[in-house]
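Engineer: Sharing a structure here in structure tokens format.
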Amino acid sequence: MSSSTARNRKDGSAISEADVTTSSMPFGRGSDTDIANTAAAAAATEPIAPNSDSTSTETSKRKPPPPEQPSHMFRRSLIIASFWLVVLCLGVPIWWKTTTIYRANLPLDQMMSWADGKSCSPVLPIRIALASPDLNEQETQHLISITQRSLDEMPGLPSFQLRLEAAAQTSLDDNLESHDSNHIPLVLRLLQGNKTVSIPTSSLHTLFPILEITYPPSLRPAPETISSGLATYIAAQIHETFAEEQSILSYFLATSTISSDRQQHSSQYGIDESFSKRMTRSMKYSGTYHLTFSLFTSGSSPSSWDIESAINQYMKPVLDMLKPIHNFTIDTQVQLYAVPGVQSQVLTKEDLSSFINAAEWPLSPSIGGAPTINFAIYMGNQTISLNSAEETTSQSWLVPQWGSVYLLSPPAATHVPAEFLKQPVLTFASHLLSLLGTPQSGSLSMRLSTLTRVRSVDMLLRASSSLGSLARLSLALPSISIPSSVAEGVAKSIHHLELACSTLGSTDSLEHARIAETEAERAFFEKSMVGQLYFPDEHKIAVYLPLLGPVGVPLVMGLITELKAWKTKRQQKP
Amino acid sequence: MMTSLFSYLIPLFLFFSNVFASDYHEQLNLKPLPQSSLLASFNFRSNTTLSQFEAHNFRYFPRSLGQILQHVGTRELHLRFSLGRWDAESWGARPWDGTKEGGTGVELWAWLEADTEEQADLKWLTLTNALSGLFCASLNFIDETRTTRPVMSFQPEGDHGSNLDNLHLLHGVLPHEIVCTENLTPFLKLLPCKGKAGISSLLDGHKLFDASWQSMAIDVRPVCAQGQECVLQIEQTIDMVLDIERSKRPRAQGNPIPRPPPGHDLKCNATKPYHSGDTCFPSDFAEGEDWSIDQIFGKFLRGTCPLTDPNVPAVCIHVPERRDIFTTANAVELKNSDGLSRCYQVPSEGEFSMILPRMSREGDNAKTIADETVEPETPLLYAERSLTGHGQERGGVQSILTNPSPDTAVEFVYMESLPWFMRIYLHTLKARVEGAPGVKDDIIEEIYYRPALDRARGTQLELRVRIPPASIVFLTYDFEKSILRYTEYPPDANRGFDVAASIITILPSTSPGAPPLRLRISNLRTTSLLLSLPTPDFSMPYNVIIFTSTAIALAFGGLYNLLVRRFVGADESPEGAGGLKGKLAFLVKRLSAKFKGAKVRTE
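Line order of the protein sequences matches chains A and B.
All letters in the first sequence, in the order written, are residues 1 to 574 by UniProt numbering.
All letters in the second sequence, in the order written, are residues 1 to 603 by UniProt numbering.
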């Protein structure tokens, strides 16, 4: 159809050209004119004289083009519209679909609210059981209520709630284990002293989480009193017992991203530099740790040691205590001809950091996911001078988040007996506790239960901040692809965070927080997200321009002329 | 039995006799080879009882390797780093019967404990990644396309008892890997004495990787003796062939460019008719070299490793009895009864060296070449392999296997693991025998073939072949070169692709009167091949984009204009709208009118 219209127009133009040719025939001569005329008429359908329009005379003879049929104009509009329809409805969606980057839907609001601490304010309810065999039930309840009141009046973190309650009536001594499982971190035992006692005294049990308070009979709480000296004393004792845990918690809150509005705690609860140093040296929490005991000698002896029995004797009790929170795998090695990084006899504080010869000593981390804690014994006579003025020397030092080193003067024989290793292994045991972030005060069992609670809050905060980082990352980099596994990890992490938040303070919450943390980390460090494809704009132009230029220009020009024609037609109509 | 053995087999003999004498053993075996070369074999072996290994107590066994083995359940491991070519024509049989060498590059095979094949694959992946980190090698590139499960070629060396059923053998090769100093350093770190004392103090990257041929091997296997607890044994071996003259070159002090020796130092062959003051035909290797350990290795041997059994000599040299050897003080010489080797007990402290002076070929006490080196033993089989054919589409491989023995047939397994982009046509596999008359060509006894899957696994071809005495076998097959995808080409695509060495396992002889050399499995590897694939011009994608875009744009523009343009007569077009030409003409006219007007005005 369109070709026939073109032919029609062509015919018209050819005829007019033929006319021009006949009228301005430059070499028409006498008798030849007729022949020329007939030839021109015969060849009317084809333009014979290309130089005809270049002659300057005929510009004045321009005619207006014949009026266009409205059906032709309509058809042209339809053609242009259908081209644009194909481009917009087929081309653009295909282009969009094939070049777009897959981004799984992340619950960004939820993630940000976790990171901002809006979803869960970490509240640690700590139940303290009060056992008072000498008081009757009513007196006990009254004492509890007034002690609780004075506890609440004491300055403290809002997220740290000490709750007093009466101990179950069963005998305390028989049921120490069951108390542990009931998550009662501290049992108060009130004992009425004899007449000679004038002021209340307290003592912390060395093995079990029991605080014994002996009070003089004169302080026996009377009913109907609003305050009592005994209650104040008890409250102060409890507060003191949990002071360290509270400061650790406030440290975590202060250093995490949640705490922007809680910054004041850091000054309020005395987070000084030494405390934050102690916190930064502890390892990242993990369910399992590899412990590597290494014996280094600069020469060839000693080449064997009784480390296995030494660990069994001196380290195993600590590891057994830690079992509910951490698992440990142990390996030992002997390394001869290991030259330390520092050769001097007296090691200064600066030397300690370079003493471990990382290039030559085979202290590579263990295979598997768990972190490695290194305990290195170096056979040498070196001494450590802490301060040039003081004469005190030490034999061991702790390397933050890595392990610890002990300098042991070499024995005469080539074999190191277990007794010789007693001091180093005991030192390592105490270093292990501080590397794990255990609090320093209190009995061991209390320290460990504190560790559980503190660690679960720590993991909770870490997981939340990882989620927040992931959310910010996905907002900041619109061209990064987010695979569905990330979304799954985030969902899992949030689920476990909720569980951990609801049961905060128990061992379950530690497990949930740990899962949440690993899932959040895995989502954040997703491999396919790290290497994002980068196409510079120049490359995009170089690829698109050769096609879009020649195709786009006629399309756009056609549209513009059509719109112009339509506009003029509208202006002419009225 | 000893007399028929070469001296480098002595440690092997010792190994069989007193393997449990000490938990740590090391020995250096030197053997001068023809053409002024020297084979140095370092052997280190340490044992740990399996119970200590399970309890994670590491003493002689390296912890870093032990943990990896435990983590992935590896029961036996063999790792090889090799460089260069063993010149069997002049150097004879290979050290350790070829069992402690790999093909060029890195080769790894291991027996993993796993219930299913998928589990074994996962463990293998972990193992290669972990070893890659430990040895600073690209072992993590041993992916599924480079991994095979040999059927006939490898047999476990250790004692695995009855639990052989759930062991999976996996084998991977990286022929492209360049072995260098960064692989030697972790290798030495595994040793108890760490290159600080004992024979390992001689090892130096500059000398080791300057050798004509070198091979580093690590073998871990459980060994059980009757009535004793099973031990896990790690054996580390370094074999290298040094060019004596090249190694003696002093370490350049400021001028690293080697200079030709001055004229008066040149050794000329005086028998040539044109020999004169200014013409010299070099006489290589004609006269023996004088050398010493400190010259060859660049340093002295520093004492002994104190963990070794002091009764085991640290250094052995394999030369005829008449060869003069001087040593530094306090070394004890122990001559072997066969007259072909002697060993030295090295003082535990201080430096040790061994000097072999030049022996005069003239005068009263003239020595011959037979007094300097022991004639190398003829290997059981010579093997070479090369690519045939031409063009970018097809090619062929030809392996020439020669049995030099005049009376014994050799039976062996020939294994090829080829990359998937080398698609072989198994029907073109042909064996042609030359030499002994009247021998039929059907010498291939068994074929195991696992065809390649594109991008998933390579070809595995194992052939059991029996070569009749004194004959040459030509093993040929054709293959097709496939075209890779754009991103599959390495950065140096035009260099070519390395094809791993084929592994030849010579099966022990079953005949009763066979010599002891034939009673053990011995190995042989051909050189690796460099296959050039059709390599595209890498700017091609952009060219394709431009070209297709232009074609589309041309077609589209023509069609579109034809559809939407209105055609009118040339005189009917509006003024100035006659396309670019019309516009230009219009512009020229206006310009010329203006110019004329200006001219008129100036006049």
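All residues carry an ideal CB built from backbone N, CA and C; glycine is no exception.
In the DSSP assignment, what are the bridge partners of B/TYR448?
Structural biologist: In the second sequence, counting from the first residue as 1, residue 448 of chain B sits at position 448. Answer is B/GLU462, bridged to B/TYR448.
Engineer: Helix, strand or coil for A/SER294 per DSSP?
Structural biologist: The residue given as residue 294 of chain A occupies position 294 in the first sequence. The answer is strand: DSSP assigns A/SER294 an E or B state.
Engineer: Would A/ALA513 pass as a contact of A/GLY489 if the rule is Cβ separation under 9 Å?
Structural biologist: Against the first sequence, residue 513 of chain A aligns to sequence position 513. Against the first sequence, residue 489 of chain A aligns to sequence position 489. No, they are not a contact pair.
Engineer: Pairing CB atoms from the segment 54–67 of chain B with CB atoms from the segment 202–209 of chain B, are three or more of them under 8 Å?
Structural biologist: no
Engineer: If we cut at 9 Å on Cβ distances, does A/LEU432 have a partner in chain B?
Structural biologist: By 1-based counting over the first sequence, the position of residue 432 of chain A is 432. No, A/LEU432 does not count as interfacial toward chain B.
Engineer: Assuming contact is defined by CB atoms lying nearer than 9 Å, are B/GLN214 and B/VAL179 in contact in what I supplied?
Structural biologist: Reading the second sequence from its first residue, position 214 is the one you call residue 214 of chain B. Reading the second sequence from its first residue, position 179 is the one you call residue 179 of chain B. Cβ distance < 9 Å, so B/GLN214 and B/VAL179 count as in contact.
Engineer: Out of A/THR438, A/ARG453 and A/ILE330, point me to the one whose CA is closest to B/PHE53's CA.
Structural biologist: Position 53 of the second sequence holds residue 53 of chain B. Of A/THR438, A/ARG453 and A/ILE330, the residue nearest in Cα terms is A/ILE330.
Engineer: Any C-beta of chain A sitting closer than 9 Å to the C-beta of B/GLN67?
Structural biologist: Here the question's residue 67 of chain B lines up with position 67 in the second sequence. Output row for B/GLN67: interface = yes.
Engineer: Work out the CA separation of A/ALA166 and A/LEU143 for me, nearest whole Å.
Structural biologist: Sequence index remark: in the first sequence, residue 143 of chain A carries index 143 (1-based). Sequence index remark: in the first sequence, residue 166 of chain A carries index 166 (1-based). Using only the alpha carbons, I get a separation of about 10 Å.
Engineer: Name the residue from A/ARG103, A/ILE94 and A/ALA418 whose alpha carbon lies nearest to the alpha carbon of A/VAL486.
Structural biologist: Within the first sequence, residue 486 of chain A is the residue found at index 486, counting from 1. Comparing Cα positions, the closest option is A/ARG103.
Engineer: Which residue marks the beginning of the alpha helix (DSSP H) containing B/TYR560, and which one marks its end?
Structural biologist: Position 560 of the second sequence, counted from the start, is the residue given in the question as residue 560 of chain B. Unbroken alpha helix (DSSP H) run through B/TYR560: 540–564.
Engineer: Tell me which residue opens and which closes the beta strand (DSSP E) that residue 607 of chain B is part of.
Structural biologist: Nothing about residue 607 of chain B can be read from this structure; chain B reaches only from 1 to 603.
Engineer: Enumerated in chain order, which unbroken segments of the beta strand (DSSP E) with a length of 3 residues or greater are wholly contained in the segment 505–541 of chain B?
Structural biologist: 522–525 and 529–531
Engineer: Between the segment 190–205 of chain B and chain A, which residues of the former have CB atoms less than 9 Å from a CB of the latter, in chain order?
Structural biologist: LEU190, PRO192, CYS193, LYS194, GLY195, LYS196 and ALA197
Engineer: Are the C-beta of A/ALA358 and some C-beta of chain B separated by less than 9 Å?
Structural biologist: On the first sequence, position 358 is the one that residue 358 of chain A refers to. Not an interface residue.
Engineer: Would the segment 329–344 of chain B count as touching the segment 210–229 of chain B if we require 3 or more Cβ pairs under 8 Å?
Structural biologist: no
Engineer: With a threshold of 9 Å between beta-carbons, can A/ILE248 be considered close to chain B, or not?
Structural biologist: Translated into the one-based positions of the first sequence, residue 248 of chain A becomes position 248. Not a single CB atom of chain B sits nearer than 9 Å to the CB of A/ILE248.
Engineer: Looking at chain A, which residues of the segment 101–135 of chain B have a Cβ within less than 9 Å of any of its Cβ atoms?
Structural biologist: THR126, ALA130, GLY133 and LEU134
Engineer: Is it buried or exposed, B/ILE317, if we count other Cβ atoms within 10 angstroms and call 16 or more buried?
Structural biologist: As a first step, residue 317 of chain B must be located in the second sequence, where it is residue number 317. Flag for B/ILE317 reads buried.
Engineer: Using a beta-carbon distance cut-off of less than 9 Å, what residues from the segment 547–574 of chain A approach chain B?
Structural biologist: For the segment 547–574 of chain A, the set of residues with a beta-carbon nearer than 9 Å to any beta-carbon of chain B comprises LEU547, LEU548, GLY549, PRO550, VAL551, VAL553, PRO554, LEU555, GLY558, THR561 and GLU562, in chain order.
Engineer: Taking CB distances under 9 Å as the criterion, tell me whether B/LEU554 reaches chain A.
Structural biologist: Along the second sequence, read from residue 1 onward, the residue named residue 554 of chain B stands at position 554. For B/LEU554, the nearest CB of chain A lies under 9 Å from its own CB, placing it at the interface with that chain.
Engineer: Using a beta-carbon distance below 9 Å, is B/GLU572 in contact with chain A?
Structural biologist: Counting from 1 along the second sequence, the entry for residue 572 of chain B is found at position 572. Closer than 9 Å: yes.
Engineer: So for A/GLN440, helix, strand or coil by DSSP?
Structural biologist: For the purposes of this step, residue 440 of chain A is taken as residue 440 along the first sequence, with counting starting at 1. Looking at A/GLN440 - three-state DSSP - the assignment turns out to be coil, as it is neither helix nor strand.
Engineer: Could you check whether the Cβ of B/ALA55 sits closer than 9 Å to any Cβ belonging to chain A?
Structural biologist: Locating residue 55 of chain B in the second sequence gives position 55, where the first residue counts as 1. B/ALA55 counts as touching chain A.
Engineer: On a CA-only basis, which of B/ILE545, B/GLY557, B/THR548 and B/PHE547 is nearest A/PRO550? Give me that one, please.
Structural biologist: Stepping through the first sequence from its first residue, residue 550 of chain A is reached at position 550. Comparing Cα-Cα distances from A/PRO550 to each of B/ILE545, B/GLY557, B/THR548 and B/PHE547, the minimum goes to B/GLY557.
Engineer: Could you tell me how far apart the beta carbons of B/ARG80 and B/GLY458 are, in whole angstroms, since I believe they sit closer than 8 Å?
Structural biologist: For the purposes of this step, residue 80 of chain B is taken as residue 80 along the second sequence, with counting starting at 1. For the purposes of this step, residue 458 of chain B is taken as residue 458 along the second sequence, with counting starting at 1. With a Cβ gap of about 19 Å, B/ARG80 and B/GLY458 do not count as contacting.
Engineer: Measuring CA to CA, which of A/GLU360, A/LEU421 and A/MET154 is closest to B/THR185?
Structural biologist: On the second sequence, position 185 is the one that residue 185 of chain B refers to. Of the candidates A/GLU360, A/LEU421 and A/MET154, the one whose C-alpha sits nearest the C-alpha of B/THR185 is A/GLU360.
Engineer: Please classify A/GLN440 as buried or exposed, where buried requires at least 16 other C-beta atoms within 10 Å of its C-beta.
Structural biologist: Within the first sequence, residue 440 of chain A is the residue found at index 440, counting from 1. Exposed: under 16 other Cβ atoms inside 10 Å.
Engineer: Cutting at 7 Å between CB atoms, please list the residues of its own chain near A/ALA42, excluding the five before and the five after it.
Structural biologist: Here the question's residue 42 of chain A lines up with position 42 in the first sequence. Legend: pLDDT at A/ALA42 = 43, less than 50; position of this residue unreliable, value from coordinates given subsequently. Closer than 7 Å at the Cβ level, and outside the excluded window around A/ALA42, lies no residue.
Engineer: Quick check: is the beta carbon of A/LEU336 nearer than 9 Å to any beta carbon in chain B?
Structural biologist: Within the first sequence, residue 336 of chain A is the residue found at index 336, counting from 1. For A/LEU336, the answer is yes, since a Cβ of chain B falls inside 9 Å of its Cβ.
Engineer: Would you verify that the beta carbon of A/GLN333 is, or is not, closer than 9 Å to some beta carbon of chain B?
Structural biologist: In the first sequence, residue 333 of chain A corresponds to position 333, counting from 1. Closer than 9 Å: yes.
Engineer: Which two residues bound the contiguous alpha helix (DSSP H) that contains A/TYR544?
Structural biologist: Walking along the first sequence from the start, residue 544 of chain A turns up at place 544. 537–572 is the span of the alpha helix (DSSP H), which, as asked, contains A/TYR544.
Engineer: Can you round the beta-carbon distance between A/MET283 and A/ILE356 to whole angstroms, since I take them to be within the 8 Å contact cut?
Structural biologist: For the purposes of this step, residue 283 of chain A is identified with residue 283 of the first sequence, where counting begins at 1. For the purposes of this step, residue 356 of chain A is identified with residue 356 of the first sequence, where counting begins at 1. Wrong, their Cβ atoms sit about 17 Å apart, outside the cutoff.
Engineer: Run through the DSSP bridge pairs and tell me what B/CYS343 is partnered with.
Structural biologist: Within the second sequence, the letter at position 343 stands for residue 343 of chain B. Paired residue(s): B/CYS316 and B/LEU334.
Engineer: Going by DSSP in three states, B/GLU349 sits in which element: helix, strand or coil?
Structural biologist: Here residue 349 of chain B refers to the residue found at position 349 when the second sequence is read from its first residue. DSSP places B/GLU349 in coil when its eight states are reduced to three.
Engineer: For B/ARG590 and chain A, any beta-carbon pair shorter than 9 Å?
Structural biologist: Sequence index remark: in the second sequence, residue 590 of chain B carries index 590 (1-based). No, because no Cβ of chain A sits closer than 9 Å to the Cβ of B/ARG590.
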